[in-house]
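Chemist: One structure, pasted below without further comment.
Number of protein chains: 2
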Amino acid sequence: MEFTGRKADIFREAARLMRANGYAGTSMRDIASALSIEAASLYNHVASKEDILKEICFSMGDAFNRALQEVNDIYFNAEERLGMAVRAHIRLLTENLDAGHVFLHEWRHLGDPALSQFKKLRDDYEAAFRNILRSGEDEGVFHEVDHKFAVLTILSSLNWVVEWYRPDGGMSPDEIAERLSRFILTGLSKQH
Amino acid sequence: MEFTGRKADIFREAARLMRANGYAGTSMRDIASALSIEAASLYNHVASKEDILKEICFSMGDAFNRALQEVNDIYFNAEERLGMAVRAHIRLLTENLDAGHVFLHEWRHLGDPALSQFKKLRDDYEAAFRNILRSGEDEGVFHEVDHKFAVLTILSSLNWVVEWYRPDGGMSPDEIAERLSRFILTGLSKQH
DNA sequence: CCTACCGATCGGTAGG
DNA sequence: CCTACCGATCGGTAGG
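These protein sequence lines map, in sequence, to chains A and B.
If you read the first sequence in this note's numbering, its first letter stands for residue 1, the second for the next number, and so on.
If you read the second sequence in this note's numbering, its first letter stands for residue 1001, the second for the next number, and so on.
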């Protein structure tokens, strides 16, 4: 996240607490207490609790879209672009585990119009991903599949990383991305 | 879920509300109101709010383990067993979308000792799934992969179904299971 | 960034 | 299953 100073502190601690206890389970007093200030002082930096959620969700959503845009702007073949997209996705999630979790699960606490904007951001991302699958078919290297279904399945296996990834575990983010790419491309079976 | 009468009503409405608003975002008054009774009346049927969460999480966890046990008890080859396990998993989730969502995401609000018991239930399930992959390698039909990593990836793509499945959508649960099995086995690529 | 405070709502209990 | 209620905590504001 591109924030600095006090605001960054607030978003960081809020994301950490909301990941652990959910949006409704995290009070403004919890966030303030983590920063050793009073709850009322938070309102000098943010307008409301939902404002904090908005900033976290949209900063992550923007980062995902920018990263995928970059991958799709350069010319590479579909398999290379898939690998790059997977790596970028895994890097963003593993470098922002707390905000990533909030982005993936707590957005449902947004109210309109933020909720609709957020869904659009997510739809854009999925569309850019489908784009890669279509290229792969055009190049004759990917099976013809239901793009919507395939992208949801692929993203689900990427997103679950926030549930089990540990920075001090045995695998680096790029190693995880590499294995996921291979799995997405070739599957489990030897004979098909 | 195997409950009947008033208790079943409570669990059903609680799961629906907790899926939409999270555990902390669902009050006992919300649940009572959905049943047109007073909050205090709920305590004639359940001991506490956490008690409701416990029942939902454990009834789903038990159902998943029983289903997978059944698959593994019958003799079939690994590829058949994988297909049956996937189908059973998708059926359970799509038939219990609300409870499934709570099972997958709200368990973190459990306190010990329930939390530890729940994690054990989940670990048992993952172990039974790894069992299938090991059989597949022994039979020489599956690639040798990191079982822990592979099972997490497979389950993630199955679990994401609760996020996008709509009963009135175009795909039946068994159709979804069929496509997921194929994807898990063969992946996207034509040449590998 | 703080003190002091608002009305609303929370999980839960007593007693019937 | 209800009325009546408890102490605690909630998001947020006024005013400095």
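Don't be surprised by glycine CBs; every beta carbon is placed ideally from N, CA and C.
Reducing DSSP to helix, strand and coil, say where residue 1003 (chain B) ends up.
Modeler: DSSP places residue 1003 (chain B) in coil when its eight states are reduced to three.
Chemist: Of the residues B:1128, B:1008 and B:1185, which one's Cα is nearest the Cα of residue 1065 (chain B)?
Modeler: The candidate whose alpha carbon is nearest that of residue 1065 (chain B) is B:1128.
Chemist: With 8 Å as the limit, tell me which residues of the stretch 1088-1104 of chain B have their beta carbon closer than that to any beta carbon of chain A; keep them in chain order.
Modeler: So the list is empty, because no residue satisfies the distance condition.
Chemist: Does the Cβ of residue 1126 (chain B) lie closer than 7 Å to at least one heavy atom of the ligand SAH?
Modeler: The model depicted lacks the ligand SAH and carries no ligand whatsoever.
Chemist: Would you identify the three-state DSSP class for residue 1041 (chain B), choosing helix, strand or coil?
Modeler: Note: residue 1041 (chain B) maps to helix in three-state DSSP.
Chemist: According to DSSP, simplified to helix, strand and coil, what is residue 1033 (chain B)?
Modeler: In this structure, residue 1033 (chain B) counts as helix in the three-state DSSP scheme.
Chemist: Rounded to whole angstroms, what's the CA-CA distance from residue 1022 (chain B) to residue 101 (chain A)? Just pull it up for me.
Modeler: About 14 Å.
Chemist: What residue range does the alpha helix (DSSP H) around residue 116 (chain A) cover?
Modeler: Unbroken alpha helix (DSSP H) run through residue 116 (chain A): 114-138.
Chemist: Have a look at residue 10 (chain A) and residue 1011 (chain B) and give me their C-alpha separation to the nearest angstrom.
Modeler: In a straight line, the C-alpha of residue 10 (chain A) is about 36 Å away from that of residue 1011 (chain B).
Chemist: In chain B, which residues lie with their C-beta within 9 Å of the C-beta of residue 24 (chain A)?
Modeler: By Cβ distance, chain B contributes 1021, 1022, 1023, 1024, 1025 and 1026.
Chemist: Do residue 1032 (chain B) and residue 1041 (chain B) have their C-beta atoms closer together than 8 Å?
Modeler: Yes.
Chemist: Quick one: Cα of residue 157 (chain A) to Cα of residue 92 (chain A), how far?
Modeler: One C-alpha to the other measures close to 15 Å.
Chemist: I want to verify the contact list: residues of chain A whose CB lies under 9 Å from the CB of residue 1160 (chain B), in sequence order.
Modeler: Within 9 Å Cβ-Cβ: 152, 153, 155, 156, 157, 159 and 160.
Chemist: Are the beta-carbon atoms belonging to residue 955 (chain B) and residue 1177 (chain B) less than 8 Å from one another?
Modeler: Nothing in the structure corresponds to residue 955 (chain B), since chain B is present only between 1001 and 1192.
Chemist: So if I threshold CB-CB distances at 8 Å, which residues from the stretch 30-55 of chain A count as touching chain B?
Modeler: Against chain B - using a Cβ distance shorter than 8 Å - the stretch 30-55 of chain A contributes no residues.
Chemist: Report the rounded CA-to-CA distance for residue 1063 (chain B) versus residue 51 (chain A), giving the unit in angstroms.
Modeler: So the two alpha carbons sit approximately 40 Å from each other.
Chemist: Please report the Cβ distance between residue 1151 (chain B) and residue 1180 (chain B), rounded to the nearest whole angstrom; I am assuming they are in contact, meaning their Cβ atoms lie under 8 Å.
Modeler: That pair is no contact at about 14 Å.
Chemist: For residue 1189 (chain B), write down the residues that DSSP places opposite it in a beta bridge.
Modeler: The partner list for residue 1189 (chain B) (beta bridge, DSSP) reads A:142.
Chemist: Would residue 49 (chain A) be called buried (16 or more neighbouring beta carbons within 10 Å of its own) or exposed?
Modeler: When all chains shown are included, residue 49 (chain A) counts as buried.
Chemist: Using a Cβ-Cβ distance under 8 Å, would residue 1058 (chain B) count as near chain A?
Modeler: Chain A, which has no Cβ nearer than 8 Å to the Cβ of residue 1058 (chain B), makes this no.
Chemist: Do you know how far the Cα of residue 1058 (chain B) is from the Cα of residue 1119 (chain B)?
Modeler: Cα-Cα distance, rounded: 10 Å.
Chemist: May I have the straight-line CA-CA distance separating residue 1159 (chain B) from residue 113 (chain A), to the nearest angstrom?
Modeler: Taking the straight line from one Cα to the other gives about 28 Å.
Chemist: Using only CA atoms, which one of B:1094, B:1089 and B:1190 lies nearest to residue 1167 (chain B)?
Modeler: The shortest C-alpha separation from residue 1167 (chain B) is found at B:1094.
Chemist: Which bits of chain A does residue 1164 (chain B) rub up against, with CB to CB less than 7 Å?
Modeler: The contacting residues are 152.
Chemist: What are the uninterrupted segments assigned as beta strand (DSSP E) that are 3 or more residues long and contained completely in the stretch 78-113 of chain A, given in chain order?
Modeler: None, since the stretch 78-113 of chain A contains no complete beta strand (DSSP E) of that length.
Chemist: Chain A beta carbons: is any one of them nearer than 8 Å to that of residue 1004 (chain B)?
Modeler: Closer than 8 Å: no.
Chemist: Note the first and the last residue of the continuous alpha helix (DSSP H) segment covering residue 1067 (chain B).
Modeler: Here the alpha helix (DSSP H) through residue 1067 (chain B) covers 1049-1073.
Chemist: List the residues of chain B whose Cβ lies closer than 8 Å to the Cβ of residue 64 (chain A), in chain order.
Modeler: Chain B residues near residue 64 (chain A): none, gap ~16 Å exceeds 8 Å.
Chemist: Spatial neighbours of residue 1013 (chain B) within its chain, please: C-beta separation below 7 Å, excluding the five flanking residues on both sides.
Modeler: Taken in chain order, the residues that qualify are 1031, 1034 and 1035.
Chemist: Nearest to residue 149 (chain A) by alpha carbon, out of B:1140, B:1047 and B:1165?
Modeler: Cα-wise, what sits closest to residue 149 (chain A) is B:1165.
Chemist: Would residue 39 (chain A) and residue 29 (chain A) qualify as a contact pair, given that the criterion is a beta-carbon distance under 8 Å?
Modeler: In contact: residue 39 (chain A) and residue 29 (chain A) (Cβ atoms closer than 8 Å).
Chemist: From residue 1076 (chain B) to residue 115 (chain A), what does the alpha carbon distance come to, in whole angstroms?
Modeler: For residue 1076 (chain B) and residue 115 (chain A), the distance between alpha carbons rounds to 47 Å.
Chemist: Based on Cα-Cα distance, which residue from B:1138, B:1185, B:1130 and B:1161 lies nearest to residue 1096 (chain B)?
Modeler: The shortest Cα separation from residue 1096 (chain B) among B:1138, B:1185, B:1130 and B:1161 belongs to B:1161.
Chemist: From this set, B:1027, B:1026, B:1024 and B:1053, which residue's C-alpha is nearest residue 1008 (chain B)'s C-alpha?
Modeler: Of the listed residues, the one whose Cα sits closest to residue 1008 (chain B) is B:1053.
Chemist: Can you tell me whether residue 9 (chain A) is helix, strand or coil according to DSSP?
Modeler: In the structure shown, residue 9 (chain A) sits in a helix (DSSP, three-state: H, G or I).
Chemist: Is residue 26 (chain A) helix, strand or coil by DSSP?
Modeler: It is coil, neither helix nor strand.
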